[in-house]
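The opening position of the sequence shown corresponds to residue 0 in numbering that gives the first Met the number 0, with each subsequent residue numbered one higher. Glycine included, each C-beta is placed from N, C-alpha and C at the ideal position. Contents: one structure, followed by commentary.
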Amino acid sequence: MLSELQCAQIERALTENISPRKVALYLCLHMGLGVNEVTAVRWKDLDLSMGQLRLTQLVVETRTKKGGQLVPMEDPRTIAIPAPVQKYLREARPFFSSDEAFLASGTEEIPTFYSLQNLLTSLSKRYQLGTTVSAIQLRNAFIRRCLENNMDLYD
Numbered sequence: 000m001l002s003e004l005q006c007a008q009i010e011r012a013l014t015e016n017i018s019p020r021k022v023a024l025y026l027c028l029h030m031g032l033g034v035n036e037v038t039a040v041r042w043k044d045l046d047l048s049m050g051q052l053r054l055t056q057l058v059v060e061t062r063t064k065k066g067g068q069l070v071p072m073e074d075p076r077t078i079a080i081p082a083p084v085q086k087y088l089r090e091a092r093p094f095f096s097s098d099e100a101f102l103a104s105g106t107e108e109i110p111t112f113y114s115l116q117n118l119l120t121s122l123s124k125r126y127q128l129g130t131t132v133s134a135i136q137l138r139n140a141f142i143r144r145c146l147e148n149n150m151d152l153y154d
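Rendered as structure tokens:
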């Protein structure tokens, strides 16, 4: 489990020199998205004026396609985007050339799961986090923070 100090270090790393992969990981940390969810998010799935993210697809790994394959979610859902995340996303907008761009790659090409983990491994070393951080640990940190603040995870 990531400590609050480690979360603060990761947050600093994700807000310095913003890039598409950092945007995706920021959503894992602050909205609890899983890797298969965040890799499927395109800029068009964000509605910053309404403060909402619409999740309709997942990326699943395949042995035949480099970036994986998009599959429809059985139960699409809409998630509220917290105000600080909306602000971060507005700052990151110039890194995405079109509304079809995936947040995890900045392009219209389906991103790989490995690209996110490679960035986390690099940040773990650069910021001396004491462990190699994974995307699931970011999601778990989000859940821990919600529980500590008595937030309803299902609301």
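Chain-order list of residues whose beta-carbon lies under 8 Å from that of residue i (same chain, five-residue window excluded)
i	result
ASN139	MET0, LEU1
MET30	LEU52, ILE78, ILE80, PRO81, VAL84, PHE141
CYS6	LEU28, ALA140, ARG144
CB contact flag (residue i, residue j, <8 Å)
i	j	result
VAL37	LEU102	yes
GLN8	TYR126	yes
ILE17	GLU90	yes
LEU28	LEU88	no
Strand pairing of residue i, partner residues [DSSP]
i	result
VAL59	GLN68
ASN74	Rather than Asn, the amino acid found at residue 74 in this sequence is Asp. For ASP74, which the question treats as bridged, DSSP gives no partner whatsoever.
ARG53	THR77
ARG41	PHE101
ASP235	Examination of residue 235 is not possible in this model, given that the chain is present from 0 through 154 alone.
Proximal residues to residue i (C-beta, below 6 Å), its chain only, five neighbours per side dropped
i	result
LEU32	LEU26
THR131	THR120, SER123
Same chain, Cβ closer than 7 Å to residue i, five either side skipped, listed in chain order
i	result
ALA79	GLY50, GLN51
LYS43	ASP98, GLU99
ASN149	none
LEU57	ASN35, GLU36, ALA39, VAL70, MET72
Integer-rounded CB distance, given that residue j should sit under 8 Å from residue i
i	j	result
LEU115	ALA39	The pair is not a contact, with the Cβ atoms about 12 Å apart (cut-off 8 Å).
LEU54	PRO75	6 Å
The ligand COA heavy atom lying under 7 Å from the CB of residue i
i	result
ASP74	The model on display carries no ligand, and the ligand COA is accordingly not part of it.
Next on the checklist: Assess contact between the region 66-84 and the region 93-110, defined as three or more Cβ pairs (one per stretch) separated by less than 8 Å. Is contact present?
Outcome noted: yes
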